[in-house]
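Undergrad: Below you will find the structure I want to go over with you.
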Amino acid sequence: MDKARNILLVLVAILVAVGCKEEVKDVVKKEIDPETTPTVLTRDVKTLISDSGITKYRITSPIWYIFERAARPNWKFPRGLLLEQFNDSFRVVASVKCDSATYFKSDQLWRLDGHVTILNEKKEVILTQQLFWDQRKKEVRSDSFIHIERAEQIIEGVGFKSNERMTIYELDKPMGIFPVSTLMRKDTTNTETNNQ
Numbered sequence: 000m001d002k003a004r005n006i007l008l009v010l011v012a013i014l015v016a017v018g019c020k021e022e023v024k025d026v027v028k029k030e031i032d033p034e035t036t037p038t039v040l041t042r043d044v045k046t047l048i049s050d051s052g053i054t055k056y057r058i059t060s061p062i063w064y065i066f067e068r069a070a071r072p073n074w075k076f077p078r079g080l081l082l083e084q085f086n087d088s089f090r091v092v093a094s095v096k097c098d099s100a101t102y103f104k105s106d107q108l109w110r111l112d113g114h115v116t117i118l119n120e121k122k123e124v125i126l127t128q129q130l131f132w133d134q135r136k137k138e139v140r141s142d143s144f145i146h147i148e149r150a151e152q153i154i155e156g157v158g159f160k161s162n163e164r165m166t167i168y169e170l171d172k173p174m175g176i177f178p179v180s181t182l183m184r185k186d187t188t189n190t191e192t193n194n195q
């Protein structure tokens, strides 16, 4: 009986020793590049931006990356962006749509790329391939080709500078100013000729 008891005590001691053994964990350290790894990733974004407590803008985008730890902190909208501006009655008075956008946070600078379409407060349509909006200087600029559709004329050129509301602007190299009535008559004449 003592022999069986001793064997039982030895087995219990072994089980306790095995059960109390410290668990070993392997930790793998991996360096993360803050320039390519976002701090935050958000999908199907619809967010409002206010200024002095008043809602001024709405941003809509399928995906939004925030790189807070990058050398130059930025937000990226690689699949496009729609920015709408509200008046005091919360009606959309202007909008900007583009294929991709980057906001450089510390510089307060937006860079809009690819099929940039702007509708300003005057209901003018402005088309370009790249546009910069400097919020500190309160100005918008572009070095690309620009196409502006106004009620009475179409203006085209290269290089553009404007106030941030896109209501007062100048072109660096104007290439043409076309009266809308002449263009409309041309389109109507071509359509009538093709139909006969």
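In my numbering, the protein residues as written are 0 to 195. Each residue gets a CB set at the ideal place from its N, CA and C atoms; glycine is no exception.
(1) Return the residue from the list 85, 115 and 87 that minimises the CA-CA distance to residue 196.
(2) Tell me whether the beta-carbon of residue 92 lies closer than 7 Å to the beta-carbon of residue 120.
(3) Would you list the residues sitting across from residue 161 in a DSSP beta bridge?
(4) Residues in the same chain with beta-carbon distance under 6 Å from residue 160, minus the five sequence neighbours each way, listed in chain order, please.
(5) Suppose you measure from the CA of residue 167 to the CA of residue 137; what does that come to, to the nearest Å?
(6) Just checking my contact of residue 149 with residue 123 at CB under 8 Å: how many whole Å lie between their CB atoms?
(7) Beta-carbon within less than 7 Å of residue 102's beta-carbon, same chain only, minus the 5 sequence neighbours each way: which residues are those?
(8) Taking Cβ positions, are residue 55 and residue 76 nearer each other than 7 Å?
(9) Report buried or exposed for residue 176, applying the criterion of at least 16 other Cβ atoms within 10 angstroms of its Cβ.
(10) Should residue 152 and residue 173 be called a contact, given that it needs their Cβ atoms to be closer than 7 Å?
(11) How should residue 127 be labelled, buried or exposed, when 16 other C-beta atoms within 10 angstroms of its C-beta is the threshold for buried?
(12) Measuring straight from C-alpha to C-alpha, what distance separates residue 34 and residue 107?
(13) With H, G and I counted as helix, E and B as strand and the rest as coil, what does DSSP make of residue 177?
(14) Can you give me the start and stop residues for the beta strand (DSSP E) that residue 131 sits inside?
(15) Going by beta carbon distance, what residues of the same chain come within less than 7 Å of residue 187, once the five residues before and after it are set aside?
(16) Between which two residues does the beta strand (DSSP E) containing residue 98 stretch?
(17) Let me confirm a value: residue 47 is counted as buried when at least 16 other C-beta atoms fall within 10 Å, else exposed. Which label applies?
(18) Curious, which full-length beta strand (DSSP E) runs of at least 3 residues does the region 42–101 contain?
TA: On the basis of the data shown:
(1) With the chain covering only 0 through 195, there is no way to say anything about residue 196.
(2) Inclusion of residue 92 and residue 120 in the CB contact set at 7 Å is warranted, their separation being smaller than that value.
(3) Its beta-bridge partners are 139 and 168.
(4) Closer than 6 Å at the Cβ level, and outside the excluded window around residue 160, lie 140 and 169.
(5) Each residue's alpha carbon lies about 12 Å from the other.
(6) Going by Cβ atoms, the distance from residue 149 to residue 123 rounds to 5 Å, so yes, they are a contact pair.
(7) If we look at residue 102 and ignore the five residues flanking it on each side, its Cβ neighbours are 73, 74 and 109.
(8) Contact flag unset, no.
(9) With fewer than 16 other Cβ atoms within 10 Å, it is exposed.
(10) No; because the gap between Cβ atoms is not below 7 Å, this pair is not in contact.
(11) Label assigned to residue 127: buried.
(12) Rounded to whole angstroms, residue 34 to residue 107 spans 18 Å at the Cα level.
(13) Shown here, residue 177 sits in a strand according to DSSP, grouped into three states.
(14) For residue 131, the enclosing beta strand (DSSP E) has its first and last residue at 124–133.
(15) Confidence is the limiting factor: at residue 187 the pLDDT is only 47, short of 50, which leaves the residue's position unreliable, though a coordinate-based value still follows. So no residue of the chain qualifies.
(16) For residue 98, no beta strand (DSSP E) encloses it, and the DSSP letter there is neither H nor E.
(17) So residue 47 counts as exposed.
(18) Counting whole runs of 3 or more residues, the region 42–101 contains the beta strand (DSSP E) stretches 53–66, 73–76, 80–85 and 91–97.
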